[in-house]
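Participant:
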Amino acid sequence: MSIFLKAMLQEMDKIKKQGDGTLVQLTEEQLYFAPDSESNSIAVLVQHIAGNMRSRSTDFLTTDGEKPSRDRDAEFTHHRLSKEELMQEWEDAWAIFYETVHALSQEDLLQMVSVKGKETPAMAALMTQLVHYAGHIAQMMYVAKMQLQEDWQTQSIPKKK
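For the sequence shown, the numbering used here begins at 6 and goes up steadily by one.
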């Protein structure tokens, strides 16, 4: 496995761990809390990350990353899944991502892939995924911290007390 892919997987492992650590702290009701009408709940963010991850990772090298079957707008509506169902969506999407990345070779990273009809090197598409998911997982942590306040268990380096 290439140095890039090892580094990519290390960073994705870190953000998945942050997401996992956030999700386990919350009740089902807390997953559906949105700070205001223009903000996403953690449940919506999980649905969106999972939808994006499935679309981008399935047939990564051979089909456009934005699959015709994906309904992106629906990811931003509450489907009122149980916590267990949301967690299953989360885990299933990560499994697809990891399977895809583990199958890539050094040569594959330089291959051009299509995302929303635009050609980009596979390596760049993977970096875009990392940044996208990290941003949304940071949002998840912030919304969780808003709700849990002093009960929040940090998912990074804790402040010295």
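Glycine residues also receive a C-beta, built at the ideal position from the N, C-alpha and C atoms.
CA-CA distance, Gln23 and Met6?
Facilitator: 24 Å
Participant: Counting along the chain, where does the beta strand (DSSP E) carrying Val120 start and finish?
Facilitator: Met117 to Val120
Participant: If contacts are defined as beta-carbon pairs under 8 Å, then Glu94 and Val136 qualify, I think. What distance do you get, rounded to the angstrom?
Facilitator: In fact, because the Cβ distance is near 21 Å, the residues do not count as touching under 8 Å.
Participant: Is the region 80 to 93 touching the region 146 to 154, taking contact as three or more C-beta pairs under 8 Å?
Facilitator: no
Participant: If you run the structure through DSSP and keep just helix, strand and coil, what is Thr125?
Facilitator: strand
Participant: For the alpha helix (DSSP H) that His83 lies in, which residues bound it at each end?
Facilitator: His83 -> no alpha helix (DSSP H), and no H or E assigned at all.
Participant: Measuring CA to CA, which of Asp113, Ala130, Gln111 and Leu109 is closest to Ser119?
Facilitator: Ala130
Participant: Within 8 Å, do at least three Cβ pairs link the region 55 to 73 to the region 96 to 115?
Facilitator: Touching, yes, given that three or more Cβ pairs across the two stretches are closer than 8 Å.
Participant: Quick one: does the C-beta of Pro40 sit closer than 8 Å to a heavy atom of the ligand FAD?
Facilitator: This structure does not include the ligand FAD; it has no bound ligands of any sort.
Participant: What are the boundary residues of the alpha helix (DSSP H) that includes Ile54?
Facilitator: It spans Ile47 to Ser62 - the alpha helix (DSSP H) in which Ile54 sits, taken as one unbroken run.
Participant: What residue range is occupied by the uninterrupted alpha helix (DSSP H) comprising Glu94?
Facilitator: Lys88 to His107
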